[in-house]
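Undergrad: Residue numbers (the numbering used here), protein chains in the order written: chain L, 1 to 114; chain H, 1001 to 1109.
By construction, the Cβ of each residue, glycine as well, lies at the ideal position given by its N, Cα and C atoms.
On a predicted model such as this, the values are computed, not experimentally measured, just so you know.
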Amino acid sequence: ETGVTQSPTHLIKTRGQQVTLRCSSQSGHNTVSWYQQALGQGPQFIFQYYREEENGRGNFPPRFSGLQFPNYSSELNVNALELDDSALYLCASSFRGQGQDTQYFGPGTRLTVL
Amino acid sequence: GIQVEQSPPDLILQEGANSTLRCNFSDSVNNLQWFHQNPWGQLINLFYIPSGTKQNGRLSATTVATERYSLLYISSSQTTDSGVYFCAVEPTGGFKTIFGAGTRLFVKA
Chain L
1 ETGVTQSPTH LIKTRGQQVT LRCSSQSGHN TVSWYQQALG QGPQFIFQYY REEENGRGNF
61 PPRFSGLQFP NYSSELNVNA LELDDSALYL CASSFRGQGQ DTQYFGPGTR LTVL
Chain H
1001 GIQVEQSPPD LILQEGANST LRCNFSDSVN NLQWFHQNPW GQLINLFYIP SGTKQNGRLS
1061 ATTVATERYS LLYISSSQTT DSGVYFCAVE PTGGFKTIFG AGTRLFVKA
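Following this line, the structure appears as structure tokens:
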């Protein structure tokens, strides 16, 4: 059973650019959630995808968007990067159903916006 | 929206000591998880515990859903227990997970 993986590990961008972060779900999982974690804070929920459709979203602007693919891997896209977007971005996968939606996290992508 | 409060915010222990971390939440939840974040940022799942009590080695957790709190017990702490402990909940009727601000634990040798 493979765990959740994310790429790249680190990324440096400049303000105004666009970025795509990738996540491969744990084998057998059908749900992926994305989080933003600023330094010294708890993770903040961005959105969740279930069977390729967004089914929950946090307080993030539309320039944060995502995709989930048939193999349940996922992308997070951020347009028009701002300095405050600098953070650790975490992906979590789970199996929604059967009453136990335990989330398993990837190692994260650390994004720096200059 | 739902509020999740963790206490204490910071905790320093001598190796071998026991501790209790608390998570209060302001509304009913579908599920609750406890995580440990290591110094490299990796979030490790400790317990999925929307109600009841579970134990795993030196760690145990109890959630009293009707009173809207959960407790994480760490016994015989080790230096490798250092890091940040998060409680995360999914409110009833919603598909979003809300994290508390965490408890930062440092265990001294």
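Would you mind working out which of H/I1098, H/F1106 and H/I1074 sits nearest H/Q1084, comparing C-alpha positions?
TA: Per the sequence presented here, residue 1084 of chain H reads as Val, with Gln not at that position. Answer by Cα proximity: H/F1106.
Undergrad: For the candidate residues L/N79, L/L83, L/R57 and L/Y49, whose alpha-carbon lies nearest to that of L/N71?
TA: With distances taken between Cα atoms, L/N71 lies closest to L/Y49.
Undergrad: 8 Å is my cut-off, CB to CB: does L/F26 come that close to chain H?
TA: Just to set this straight, residue 26 of chain L is Gln in the shown sequence, not Phe. L/Q26 does not count as touching chain H.
Undergrad: Could you please give me the residues that DSSP links to L/S33 through a beta bridge?
TA: L/Q48 and L/A92.
Undergrad: Using a Cβ cut-off of 9 Å, pull out every chain L residue sitting near H/N1111, in sequence order please.
TA: Given a span of 1001 to 1109 for chain H in the structure shown, any question on residue 1111 of chain H remains unanswerable.
Undergrad: Inspect the CB distances between the region 63 to 79 of chain L and the region 1001 to 1010 of chain H and report whether three or more fall short of 8 Å.
TA: Counting Cβ pairs under 8 Å, fewer than three are found: no touch.
Undergrad: Do the region 1021 to 1029 of chain H and the region 27 to 45 of chain L make contact, defined as three or more Cβ pairs closer than 8 Å?
TA: Output reads no: the region 27 to 45 of chain L does not touch the region 1021 to 1029 of chain H.
Undergrad: For H/A1017 and H/Q1033, what's the separation of their Cα atoms in angstroms?
TA: Near 24 Å, if we compare the C-alpha coordinates of H/Q1033 and H/A1017.
Undergrad: Give the DSSP-derived three-state secondary structure of L/A80 in the structure shown.
TA: Coil at L/A80, not helix or strand.
Undergrad: What does a CB cutoff of less than 6 Å around L/Q18 pick up in its chain, not counting 5 residues either side in sequence?
TA: Excluding residues within five positions, the ones whose Cβ falls inside 6 Å are N79.
Undergrad: Kindly list the residues whose CB is nearer than 7 Å to the CB of H/D1081, restricted to its own chain and excluding five residues on each side of it in sequence; keep chain order.
TA: Hits under 7 Å: I1074, L1105 and V1107.
Undergrad: Let me know if L/S25 comes out buried or exposed under the rule of 16 or more other beta-carbons within 10 Å of its beta-carbon.
TA: Buried.
Undergrad: For a contact defined as C-beta to C-beta under 7 Å, what are the partners of H/F1099 on chain L?
TA: Under the 7 Å cutoff, chain L gives G42 and P43.
Undergrad: Taking the beta strand (DSSP E) that H/W1034 falls in, what are its first and last residues?
TA: Taken as a continuous stretch (DSSP letters only), the beta strand (DSSP E) holding H/W1034 covers V1029 to Q1037.
Undergrad: Here's the rule I'm using: 16 or more other beta-carbon atoms within 10 Å means buried, otherwise exposed. How should H/A1109 be labelled?
TA: Looking at its Cβ environment, which holds fewer than 16 other Cβ atoms inside 10 Å, H/A1109 is exposed.
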